[in-house]
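Chemist: Please read through the structure below; I'll follow up with questions.
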Amino acid sequence: MSEQVVRFTRMFDTCYESVLRYAARRVGEDTAGDIAGETFSIAWRRLRDVPLRDADVLPWLYGVARRVIANEERRERRSVRLLARLANFAWSGRTVARDHGEDVVAATALEEVLHRMSPADREILRLIGWEDLSVSQAAVVFGCSPATMAARARRARQRFLAALRDHGVAVTPPGAPRPGPLERSAGRDR
1 MSEQVVRFTR MFDTCYESVL RYAARRVGED TAGDIAGETF SIAWRRLRDV PLRDADVLPW
61 LYGVARRVIA NEERRERRSV RLLARLANFA WSGRTVARDH GEDVVAATAL EEVLHRMSPA
121 DREILRLIGW EDLSVSQAAV VFGCSPATMA ARARRARQRF LAALRDHGVA VTPPGAPRPG
181 PLERSAGRDR
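The opening position of the sequence shown corresponds to residue 1 in full-length UniProt numbering, with each subsequent residue numbered one higher.
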């Protein structure tokens, strides 16, 4: 066995449980294993950066785990923002207060519909809606002209809205009059 493998194995055997507990206290037991696994994956890739003194290894691993957790939290926040933007796009201007259950159902529907989209449509919607890129900037990512990207983005939005409708989510086009509270409740009885 190579010296690197021996060193990593010893580090893993000595520190894994501590890193797992560290992660569990911060993100809960369900996600802690993923955080610990990613931490040791990074440690393997950056083995040259791991301190040589045994006393410094665990703090170094905690620092890596802390950054892994921060990255995961940023990813989650971006995901929530994307869903909120997509919800805002889908229900553009809807001002009627909904209860929390309705919000959860809507967010779940948005996420399911987004995951059923083609990878290209999903990426276009994410670049523009999540990463806040302009159509011109998204065109650079895709290696096409801004005009082509504008057409692709329009079609992706149309497919997204159609998929939402197919999923049973009422979508009000921007600028269209929205039904008042009485019309909405009457529509539910039909």
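Cβ atoms here follow ideal geometry from the backbone N, Cα and C, with glycine treated the same way.
#1: Please decide whether F142 counts as near chain D, where near means a Cβ-Cβ distance under 8 angstroms.
#2: Taking only the alpha-carbon atoms, compute the straight-line gap between F8 and Q158 and give it to the nearest angstrom.
#3: Could you say if the segment 55-66 and the segment 10-18 meet the contact criterion of at least three C-beta pairs nearer than 8 angstroms?
#4: Of all the options R25, R77 and L110, which has the alpha carbon lying nearest to the alpha carbon of L164?
#5: Tell me where the alpha helix (DSSP H) around E3 begins and ends.
#6: Could you check the C-alpha separation between A147 and S136 for me, to the nearest Å?
#7: What's the C-alpha gap between G33 and R78?
#8: Is P177 helix, strand or coil by DSSP?
#9: What's the gap between the Cα of I69 and the Cα of F40?
#10: Indicate the three-state DSSP secondary structure (helix, strand or coil) for R152 in the structure shown.
#11: Are the CB atoms of L61 and V19 within a distance shorter than 8 angstroms?
#12: Out of I35, A24 and E3, point me to the one whose CA is closest to V48's CA.
#13: So what does DSSP say about E38, is it helix, strand or coil?
#14: With respect to the alpha helix (DSSP H) encompassing D121, which residues constitute its N-terminal and C-terminal limits?
#15: Using the C-alpha atoms, what's the distance from R75 back to I42?
#16: Could you check what DSSP says for P59 in three-state terms: helix, strand or coil?
#17: Buried or exposed: V141, going by 16 or more other Cβ atoms within 10 Å of its Cβ?
#18: Can you have a look at M1 and say buried or exposed, based on whether 16 or more other CB atoms are within 10 angstroms of its CB?
Modeler: The answer reads as follows:
#1: The structure shown contains no chain D; it is built from a single protein chain.
#2: As a first step, residue 8 must be located in the sequence shown, where it is residue number 8. As a first step, residue 158 must be located in the sequence shown, where it is residue number 158. The alpha-carbon atoms of F8 and Q158 are separated by roughly 51 angstroms.
#3: yes
#4: Translated into positions along the sequence shown, residue 164 becomes position 164. Measuring from the Cα of L164, the nearest candidate turns out to be L110.
#5: The residue you call residue 3 lines up with position 3 of the sequence shown. Looking at the DSSP string, the run of the alpha helix (DSSP H) that includes E3 is E3 to V27.
#6: Counted from its first residue, the sequence shown places residue 147 at position 147. Counted from its first residue, the sequence shown places residue 136 at position 136. Cα to Cα, A147 sits roughly 8 angstroms from S136.
#7: Numbered from its first residue, the sequence shown carries residue 33 at position 33. Numbered from its first residue, the sequence shown carries residue 78 at position 78. Each residue's Cα considered, the two are about 22 angstroms apart.
#8: Taking the sequence shown and counting its residues from 1, the one referred to as residue 177 is at position 177. Residue confidence for P177 is low, a pLDDT of 48 falling below 50, so the modelled location carries little weight; the figure read from the coordinates is stated next. DSSP places P177 in coil when its eight states are reduced to three.
#9: Walking along the sequence shown from the start, residue 69 turns up at place 69. Walking along the sequence shown from the start, residue 40 turns up at place 40. Straight-line Cα distance between these residues: approximately 13 angstroms.
#10: Position 152 of the sequence shown, counted from the first residue, corresponds to residue 152. Reduced to three states, the DSSP call for R152 is helix.
#11: As a position in the sequence shown, residue 19 is number 19, starting the count at 1. As a position in the sequence shown, residue 61 is number 61, starting the count at 1. Result yes, Cβ atoms of V19 and L61 sit closer than 8 angstroms.
#12: Numbered from 1 along the sequence shown, position 48 holds the residue referred to as residue 48. Before going on, a small fix: residue 48 reads as Arg here, not Val. Per the Cα distances, E3.
#13: Here residue 38 refers to the residue found at position 38 of the sequence shown. Note: E38 maps to helix in three-state DSSP.
#14: Working through the sequence shown from its first residue, we reach residue 121 at position 121. P119 to G129 is the span of the alpha helix (DSSP H), which, as asked, contains D121.
#15: By 1-based counting over the sequence shown, the position of residue 42 is 42. By 1-based counting over the sequence shown, the position of residue 75 is 75. Looking at the two C-alpha atoms, the distance is approximately 18 angstroms.
#16: Mapped onto the sequence shown, residue 59 falls at position 59. The answer is helix: DSSP assigns P59 an H, G or I state.
#17: Working through the sequence shown from its first residue, we reach residue 141 at position 141. Exposed, by the Cβ-count rule.
#18: As a working mapping, residue 1 is identified with position 1 in the sequence shown. M1 comes out exposed.
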